[in-house]
Every structure is written in structure tokens, then in C-alpha cells.
Amino acid sequence: MSLLVQFFLTGLAVFLIAVASYFFRHYRRAAHPRARSLYDTISFLRPLNLEDLEDVLDHTTETYLELNLPAHKFKDMQKMRTSRFLEHLGRMIHNSRFLSEWAHHERLTAWTNGDQELEAGCTELIRACIETAGGVRSIQFAILRWRMKKAMFPLAKVLHLAPLASFGSYNLLTAYERMANAALALCHALDPETEELLGQSL
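For the sequence shown, the numbering used here assigns the number 12 to the initial residue and increments by one for each residue that follows.
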């Protein structure tokens with residue numbers, strides 16, 4: 012067996028173990044969400060710089076850089092832009108987790124009290140969190156897959172970020188906006204005075 016094949020099989024085994032570990036942790040969190048209050052949630056949220064994220068995902072900017080920079084400089088630029096993108100994705104997945112735990116907690120309280128309107132608002136937020144998290148994980152996986160390909164084939168094409176944000180009917184920015192709006196609506200129903208603080212944290 013050649014060294015390249017051994018390297019590939021080892022990398023594949025490590026990757027599969029990492030994927031299995033992630034899904035197991037995700038299943039445990041989804042099956043047994045932590046009871047989290049609104050105030051407990053806000054203190055752990057990570058604000059998202061939407062202007063910077065939109066810049067990273069702007070197709071026109073990316074095309075301009077590719078056409079006007081030497082190939083090696085565009086490659087370096089894309090590495091930096093990818094790091095910025097991954098930071099934003101990390102904040103999105105982090106916020107979706109905490110908002111989902113808060114919504115689960117509030118939905119249980121609403122169900123106990125027979126408040127169907129509040130329960131519906133909680134369900135909307137939970138669904139928005141699932142949509143955001145699912146899309147983010149798919150994008151993170153696409154970037155990881157490209158990095159593995161790049162490691163094995165150094166001459167592979169430079170990664171373009173703009174196309175990653177939309178696939179099928181999914182749009183990353185739209186999904187996050189839906190999640191943020193659902194969180195603000197639920198906050199308004201529970202504690203309107205805290206709505207502005209929550210908005211600043213998202």
C-alpha cells in the first residue's frame with residue numbers, strides 16, 4: 012500500500028471519528044437542552060458584525076479581488092477572508108445554541124401555563140435556530156472538505172466564499188435574520204424592556 016493511500020485512509024478515519032463525535036454531542040444537546048433564562052442567554056451571546064459578513068460574502072467584491080490581484084495575493088486574501096467567515100459562522104452556531112436552549116425552556120413554561128401564543132413563538136424560534144445551525148454546519152463542512160482537498164492537491168482552485176452562503180432555498184443571511192427576529196419577538200412578549208439589549212447582543 013502506497014504512502015499516499017495510507018495518508019488518505021488515516022485522514023478519512025480521523026475525519027469520520029470527528030463527524031461521529033460531533034453528531035453525538037449535537038444529539039445530546041438537542042435531546043436534553045439546558046434550562047436557560049433570558050438573562051442567562053443574553054450574557055452568553057456573541058454579537059455578529061453583519062456588515063463585515065456581507066462584505067466577506069459579496070460576490071462583486073470577491074470577483075474584483077480575483078481580477079485585480081496577482082494569483083498568489085488573491086490566494087492569501089481568500090485565506091484571510093475565510094478565517095473571517097469562519098469566525099462569523101462560529102458566532103452564528105453559538106448564538107443558535109443558546110437561543111434554542113432559552114426557547115425550549117420558555118416553551119415548557121408556556122405549555123405548563125397553557126399559553127398557546129407564547130408556545131408558538133418559542134416553536135418559531137426553535138425552528139429558526141435549527142435552520143440556521145443546519146445551514147452553518149453545511150457551510151463549515153464544505154470549507155473543511157475543500158481544505159482536505161487542498162492538502163492532498165495543492166494546485167486545487169482557490170475557494171470562493173460567495174456561493175457558499177446560498178444553496179437550494181437556503182440563504183445564510185436570511186436564516187440568521189429570521190432567527191434574530193424570532194428571538195426579539197419572543198423577548199418582546201416576555202420582557203419588552205430587554206428587547207434592545209438582546210438586539211445588541213445578536
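Beta carbons are placed, not taken as given, at the ideal position from N, Cα and C, and that holds for glycine.
Where residue i sits in the DSSP three-state scheme
i           : result
residue 106 : helix
residue 60  : coil
residue 94  : helix
residue 111 : helix
residue 212 : helix
Start and end residues, alpha helix (DSSP H) containing residue i
i           : result
residue 70  : 70-79
residue 134 : 127-163
residue 51  : 49-53
residue 196 : 183-201
C-beta atoms of residue i and residue j nearer than 8 Å
i           : j           : result
residue 58  : residue 212 : yes
residue 116 : residue 47  : yes
residue 186 : residue 135 : no
residue 4   : residue 74  : Residue 4 is absent from the structure shown; the chain starts at 12 and stops at 213.
residue 205 : residue 110 : no
residue 154 : residue 97  : yes
residue 147 : residue 209 : no
residue 137 : residue 183 : no
residue 88  : residue 78  : no
residue 107 : residue 144 : yes
Residue-chain proximity (residue i, chain C), Cβ-Cβ < 8 Å
i           : result
residue 114 : In the structure shown, chain C does not exist; there is a single protein chain.
Is it true that the stretch 190-200 meets the stretch 167-176, where meeting means three or more beta-carbon pairs spaced less than 8 Å apart?
They do not touch, by the three-pair rule.
Across the stretch 85-94 and the stretch 154-173, are there enough close Cβ pairs to call them in contact, namely three or more that are closer than 8 Å?
yes
Three or more C-beta pairs under 8 Å: does that hold for the stretch 123-135 against the stretch 195-208?
yes
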